[in-house]
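Here's the structure, in structure tokens; my notes come after.
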Amino acid sequence: VPLDPSYPQERLAYMLQDSMPVALLTQTGMQERLPAAAEAGLTIPVLLLDGEEDGAAMARQTSHNPDPAQQGLTARHLAYVIYTSGSTGMPKGVMVQHENVLRLFAATQDRFH
Numbered sequence: 001v002p003l004d005p006s007y008p009q010e011r012l013a014y015m016l017q018d019s020m021p022v023a024l025l026t027q028t029g030m031q032e033r034l035p036a037a038a039e040a041g042l043t044i045p046v047l048l049l050d051g052e053e054d055g056a057a058m059a060r061q062t063s064h065n066p067d068p069a070q071q072g073l074t075a076r077h078l079a080y081v082i083y084t085s086g087s088t089g090m091p092k093g094v095m096v097q098h099e100n101v102l103r104l105f106a107a108t109q110d111r112f113h
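Pasting the structure below:
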């Protein structure tokens, strides 16, 4: 779930409550702009991608991508959730599957080469 730190705190808290993420990935400079998970009623770990401890731990992870088939994953599995402005005034989560992301990459790859 991408979170824009410029959004109002109430909107971010709602998105966190609604999506119930298992972790919050951010950078040191953005940490204060995002609502504390506790404010959203969640107890989730916050990982600082550029932090010494979290960054070093991530650097030790393998750079090899696991085989999706061995993990039981298919193109129909969820890739991410994006929030739009819902018609009720509350953000609405839209679930995007991997097949849709792959379709976007395939259609736009010439622009990035």
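For the record, in the sequence shown the residue sitting at position 41 is 41 according to the UniProt record's numbering, with numbers rising by one throughout. Yeah, the Cβ is synthetic: ideal placement off N, Cα and C, and Gly gets one too.
Under 9 Å between C-beta atoms of residue i and residue j
i	j	result
GLN97	ALA79	yes
ALA13	VAL46	no
GLN9	GLU53	no
Spatial neighbours of residue i in its chain, beta-carbon cut-off 7 Å, leaving aside the 5 residues before and after
i	result
MET15	VAL1, LEU3, TYR83 and PRO91
THR28	LEU48, ASP50 and GLY51
ARG19	Before going further, note that residue 19 is Ser rather than Arg in the sequence given. Result list for SER19: VAL1, VAL81 and GLY93, in chain order.
Neighbourhood of residue i by C-beta distance below 8 Å, restricted to the same chain and skipping five residues each side
i	result
GLY55	LEU48 and LEU49
Contact belief for residue i with residue j at Cβ below 8 Å, rounded distance in angstroms
i	j	result
VAL81	GLY89	Incorrect: roughly 19 Å between the Cβ atoms, too far for contact.
GLU99	ALA69	Not quite, the Cβ-Cβ distance comes to about 15 Å (not below 8 Å), so this is no contact.
GLN71	GLY41	Not really, about 31 Å apart at Cβ, beyond 8 Å.
ALA5	LEU34	Checking the sequence, you will find Pro at residue 5 rather than Ala. Indeed, because the Cβ distance is near 6 Å, the residues count as touching under 8 Å.
ILE44	PRO66	Actually they are not in contact, since the Cβ atoms of ILE44 and PRO66 sit about 23 Å apart, beyond 8 Å.
Below-9 Å beta-carbon distance, residue i vs any chain B residue
i	result
GLN31	Going by chain labels, chain B is absent from the structure shown, which holds only one protein chain.
The beta strand (DSSP E) enclosing residue i, as first and last residue numbers
i	result
PRO91	91-97
LEU24	24-26
Endpoints, alpha helix (DSSP H) assigned at residue i
i	result
LEU78	Careful: LEU78 lies outside any alpha helix (DSSP H), inside the beta strand (DSSP E) at 78-85.
LEU49	That residue, LEU49, is in no alpha helix (DSSP H); it is neither H nor E in DSSP.
PRO45	No alpha helix (DSSP H) contains PRO45, which DSSP labels as neither H nor E.
GLU32	No alpha helix (DSSP H) holds GLU32; DSSP gives it neither H nor E.
ARG11	9-19
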